[in-house]
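Colleague: In terms of mature numbering (1 follows the signal peptide of the UniProt record, and there is no 0), the sequence shown is residues -22 to -1, 1 to 197.
All C-beta atoms in this analysis are idealised placements derived from N, C-alpha and C, irrespective of residue type, glycine included.
Computed from a predicted structure; not experimentally measured.
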Amino acid sequence: MMHPLRATFAATLLLLPLTAVASITSATAAPAAGPRTLTYTILMGDDPIGSEEVRVEPQGDRSKVTITASTRVKVLFINFRYDHKREELWKGSSLESLKATTDDDGTPHTLELTAKPGGFTLVADGKPTDLPATALPLSLWTAEVLMRSPLFSVIDGARYTTTVKALGSETIEAGGRKVEAQHHRIDGDVERDLWYAADGTLLKTRFKRSGYDITYVLK
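1. Could you give the distance in angstroms between the alpha-carbon of Leu73 and the alpha-carbon of Thr92?
2. Looking at the structure shown, is Val132 part of a helix, part of a strand, or coil, going by DSSP?
3. Tell me the rounded alpha-carbon separation between Asp83 and Phe130.
4. Do Ile150 and Lys182 have their beta-carbon atoms positioned less than 8 Å apart in this structure?
5. Just verifying my parser: in three-state terms, what is the DSSP assignment at Thr193?
6. Between Ala113, Arg163, Thr79 and Asp25, which has its C-alpha nearest Arg184's C-alpha?
7. Using only the alpha-carbon positions, how far apart do Pro13 and Arg33 sit?
8. Going by DSSP, which residues form a beta bridge with Asp82?
9. Please work out which residues of its chain come closer than 6 Å, Cβ to Cβ, to Ser1, disregarding the five sequence neighbours upstream and downstream, and give them in chain order.
10. Roughly how many angstroms lie between the CA atoms of Ile20 and Ile45, to the nearest whole one?
11. Are Asp81 and Asp61 close, meaning C-beta to C-beta below 8 Å?
12. Return yes when the Cβ of Leu109 is within less than 8 Å of the Cβ of Phe98, no when it is not.
13. Please state whether DSSP places Val101 in a helix, a strand or coil.
14. Out of Ala113, Val132, Lys69 and Arg59, which has the shortest C-alpha to C-alpha gap to Lys77?
15. Report the option in Gly146, Thr112, Pro128 and Gly178 whose CA atom is closest to the CA atom of Val168.
16. By DSSP's criteria, Val51 is part of a beta bridge. Which residues make up the other side?
17. Under the assumption that Tyr194 contacts Glu30 (Cβ atoms under 8 Å), give the Cβ distance between them as a whole number of angstroms.
18. Name the residue from Gly189, Leu172, Thr179 and Ser188 whose alpha carbon lies nearest to the alpha carbon of Leu16.
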């Protein structure tokens, strides 16, 4: 049976006018046969503080996804930095492996996930643990994150208990134009507002960190 949220995206494609679908897909997606790169501006309030790049490369019946993110923030007289890189290997909607390294303001983290029968082995900062097959990292670039539980941190592997709400269609600015987006909210141990195009491409995400509004928006 199709997951209800997958059905929502499929239904959205059918209901949108063809011109709207063309506008969304041309703004956010390259042809399926070739690689594509999505670049997001990271804002704290209205101020740009960094960027994230998501590169999807088809490899036969699999896709390699490389995510790199970097932020630099100065609050009063204190400078903060964040550098993150990870590689994910997907077969269709199934994640097969993940490797990540993070420098979180001078604190290093490593993460490695490998699939095994019935689930995953996750090694976070050298400590192994088992995860069920339904688990997924908090990889917001894919709408699969709305359909899985438990979610876990891409930095240190911490598990999150969450719920997801579909909040309907909205017009937002992303990719240099106004586009129709499906708004979803993740609540619980981690909170994210997410806006996806009809084809499942992430257009925008927003959350709070240390009391500040942080927004990622597609360039």
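Modeller: To lay it out plainly:
1. Straight-line Cα distance between these residues: approximately 9 Å.
2. In the three-state reduction of the DSSP assignment, Val132 falls in the coil class.
3. Their Cα atoms are separated by approximately 20 Å.
4. Closer than 8 Å, so yes.
5. DSSP places Thr193 within a strand segment (E or B) once states are collapsed to three.
6. Looking at the Cα atoms, Arg163 is the closest of the given residues.
7. Distance between the alpha carbons of Pro13 and Arg33 is about 7 Å.
8. According to DSSP, which records beta bridges pairwise, Asp82 is partnered with Tyr60 and Thr85.
9. At Ser1, the pLDDT of 33 sits below 50, so the modelled position is not reliable; the number obtained from the coordinates is stated separately. Taking Ser1 as the centre and dropping the five residues before and after it, the same chain places no C-beta closer than 6 Å to its C-beta.
10. Answer to the nearest angstrom: the Cα atoms are 14 Å apart.
11. Their beta carbons are under 8 Å apart, which means Asp81 touches Asp61 by this criterion.
12. In contact: Phe98 and Leu109 (Cβ atoms closer than 8 Å).
13. Val101: strand per DSSP, three-state reduction.
14. Of the candidates Ala113, Val132, Lys69 and Arg59, the one whose C-alpha sits nearest the C-alpha of Lys77 is Val132.
15. With distances taken between Cα atoms, Val168 lies closest to Pro128.
16. DSSP, once it has assigned bridges, lists Phe58 as partnering Val51.
17. About 6 Å; that satisfies the 8 Å criterion.
18. Residue Thr179 is the option with its Cα nearest to Leu16.
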